[in-house]
Amino acid sequence: MKQTTFTITGMHCASCAVRNEEAIKKVKGVQDAVVNYATRKATVHFDESVASEHDLHVAVENTGYKAVDEKRQDHEHMMHTEVKEAWKKAQWAIILSIPVVILAMFNITLPLTIFGQNASIIINAILSTVVILGFGYEFHRGMWMQLKHKAANMDTLISLGTLAALLYSLWALFTGEEHMYFETGAVITALILLGRYFEAKTRGQASAAVQKLLELGAKTARVLRDGKEVNIPIEEVKVSDILFVKPGEKIPVDGKITEGLSNVDESMLTGESMPVSKKIGDLVYGATINMNGALHITATKIGEDTVLAQIVKMVADAQAKKAPIQKLADRISGIFVPAVLVVAFTTFLVWYMVTGEIGKSLIPAVAVLVIACPCALGLATPTAIMVGTGLGARRGILIKNGESLEKAKKIDVVLFDKTGTLTEGKPAVTDIVLFDKNASEDSLLTVAASIEAMSEHPLATAICQEAKKRGITLKKVNGFENVAGHGVRGAIDGEEILVGNSRLMEKYKIVIDAEKKQIEKIEHEAKTALLVAYNKKLFGLIAVSDAIKKESKAAVLSLSKKNIQTIMITGDNEKTARAIARQAGIDEVYAQVLPQDKAAKVKLLQKKSLAVAFVGDGINDAPALAQADLGIAIGTGTDIAIEAGDIVLVKGNPLKVAEGLFLSQITFSTIKQNLFWAFFYNAAAIPLASLGFLSPIIAAAAMAFSSISVVLNSLRIKRTRFV
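Counting along the sequence shown from 1, when you hit position 537 you're at 550 in our numbering, and nothing is skipped either side.
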């Protein structure tokens, strides 16, 4: 069974995705098909001995859409083109609609007559026709495609409403009727096009995340063959090849160290800022960075079997899933539109049988169509999203699209990644303990920072930054040596200096028995204890830790008040994880979790019927962000985490998690209110219109009022108060 993924262009709503999905599933040999409206992608499992990819593309094209082979498409170019075209249509539709509205609203007459009509009416007719039929062509084409398949969607509603307003107005123009509604159709078209521009602008980020993940991998590898170093493309590496990796280089594939010692930066996989000490026999992973020692590595996993490739696959699989809730407006339109057509046609027939006059019969029928105009239904979602996302942006909360609002409407559990999310994501000096009564903190920092300045380890950087902050002048160091896995040594003014862990002290016979309790106390607090020895004696201790963000505790408390459970997940050790969790006020902790297991933890919670939000900032968080019901990415993190998330917190403030959830819930609730009232106005007024109690102008006024109420209701979001 083969799996293929390709892009479908021309989809405008969730029912378009359903239509394509049904068409693909009808192809003989297709086992399963999922069409994701948000990403515009179809993922299909099929028997290639029965069906071909060409057959799948033909099935899509027969429904009126276009299939694009993912291997040939330029994602960024396609997205840029779509947004640019959407803005151009919306811009020109608005520009041409403005004079129509002004002329009609103020009943302006011009000192010129054309074909027996005032020039203002002719101008309105021409401009409205251009807007409705020209810039609104996609709506009418969409309606026609749906009609061919005996279906209806939002395009059907928009097309019927605008065409009803235009055709009635043209009929009124040529028959001398007083009331015309050119501006109604033009404004509807312009506003819906503007909404589609905003939708296009915020859509399609998910697929870009996969591409950026792929770009992380090394492009070449240095392989030892016949005693010589040979650079080859990464695709030519084979299992059991011996790779030579110099300091500062990316490790090409997953493997096992056979020679050398080094620290490896695995932050792109684990999200943890501390490099990991590696020795002979340890496993290393592709795309991680070798920090300071030359390594010989035996390749154990290549291609799709590497950890990075598995992360890429998990992100892609999670993104291929359909949204759990289809667009409410489209579900309503599937029933509402055919019903309106039946009512309008029945109204025309009944009135014609009673009066025998086409004109008198047409007016109530047109009134039914005008009152059923989808302007309010069309505005219900985009206006609420525009106001909600605008407010969010001002508060540093970026909500990507309407799907995110649906996902956030009910969250039971928030799963926080530790590093860079609840913590600052970078080590810092937290404590300085002196063991020499004659010493000072500055003197201890002077010798420690002087020697650590020659190291590139993050712990060394933290000490140097603390010294710089205190204005300490560093001293000259001689005989610097990096003792792998232990620390560093050197000499200042002829005296030996050691900075490192207890194993370094033991190695050089430095007695630490009397200070063990203080060292253990520091380590119990999940801090790294760097011991400093000067002239064969223990000088002091510098504690380094990844400090918790000051807003983390308030964020957890705020979520608890809303009855939302919080859990911390990290690749760090249990002791560190528990200490950080205590500081943040979190009771439940998942520690020592591998990157691929983070998404599994999310799935485990989802199997308990819990709606899960995942908050993270690292590349390793991307699969979990995509798997979660709601992915919340910290904006100070990687681009990939940001693109995989549904909501982005620009400043990395965890307190914004609670605000983002609350804002999303308020916005989605407003959308549902808008849709209800938009439908209510139509449903209540249609019987009156069909009975002749509403003229087209009153029907148009009622429709306009429903639109105003939708906009006003959406503007209420601006008054949202965040606690």
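All C-beta atoms in this analysis are idealised placements derived from N, C-alpha and C, irrespective of residue type, glycine included.
Quickly, what does DSSP pair residue i with across the bridge? List them, please.
| i | result |
| --- | --- |
| G290 | The residue you asked about is not Gly; residue 290 is Ser in the sequence shown. BP columns for S290 point to N276. |
| Q16 | H58 |
| L554 | V446, L544 |
| N491 | A504 |
| R235 | N244 |
| Y603 | I582 |
| T271 | In the DSSP output, where bridge partners are listed per residue, T271 has none listed. |
| K79 | T22 |
| D168 | The partner list for D168 (beta bridge, DSSP) is empty, contrary to what the question assumes. |
| F257 | H309 |
| I561 | T436 |
| D45 | H58 |
| I660 | I412, I645 |
| N131 | T126 |
Confirm, please, whether the CB-CB distance from residue j to residue i is below 8 Å.
| i | j | result |
| --- | --- | --- |
| L256 | I302 | no |
| I247 | K269 | no |
| I699 | V356 | yes |
| V73 | A36 | yes |
| N495 | S468 | yes |
| M193 | L204 | no |
| K566 | Q596 | yes |
| T56 | T18 | yes |
| N726 | T683 | yes |
| T22 | V81 | yes |
| V252 | T313 | yes |
| P440 | K562 | no |
| T583 | A568 | no |
| L180 | K102 | no |
| F59 | V43 | yes |
| L643 | K420 | yes |
| V524 | A461 | no |
| L411 | V628 | no |
So for residue i, helix, strand or coil by DSSP?
| i | result |
| --- | --- |
| R408 | coil |
| V460 | helix |
| H309 | strand |
| K263 | strand |
| T301 | coil |
| Q104 | helix |
| T436 | strand |
| E95 | helix |
| Y694 | helix |
| V628 | strand |
| M158 | helix |
| R732 | helix |
| F429 | strand |
| L1 | Shown here, the chain extends from 14 to 736; a query on residue 1 therefore has no answer. |
| G316 | helix |
| L643 | strand |
| G513 | strand |
| L180 | helix |
| G284 | Annotation note: pLDDT 49 at G284 (below 50); position unreliable, no value reported. |
| T126 | strand |
| A441 | strand |
| V496 | strand |
| L296 | strand |
| R591 | helix |
| F195 | helix |
| E74 | helix |
| H67 | helix |
Do residue i and the ligand GTP come close, with the Cβ less than 7 Å from some heavy atom?
| i | result |
| --- | --- |
| K614 | Ligands displayed in this structure: none; no statement on the ligand GTP is therefore possible. |
Check whether the region 134 to 142 and the region 187 to 203 are in contact - that is, three or more C-beta pairs closer than 8 Å.
yes
- If we count Cβ pairs, one from each stretch, closer than 8 Å, do we get three or more for the region 548 to 561 versus the region 508 to 522? yes
Answer yes if the region 440 to 457 comes into contact with the region 607 to 615, meaning at least three C-beta pairs across the two stretches below 8 Å, and no otherwise. no
query = Are three or more beta carbon pairs between the region 539 to 548 and the region 427 to 436 nearer than 8 Å?
reply = no
Using 8 Å as the cut-off, can you tell me whether the region 414 to 428 makes contact with the region 623 to 641, which would need three or more C-beta pairs spanning the two stretches below that distance? yes
Any 3 or more C-beta pairs closer than 8 Å across the region 308 to 322 and the region 260 to 279:
yes
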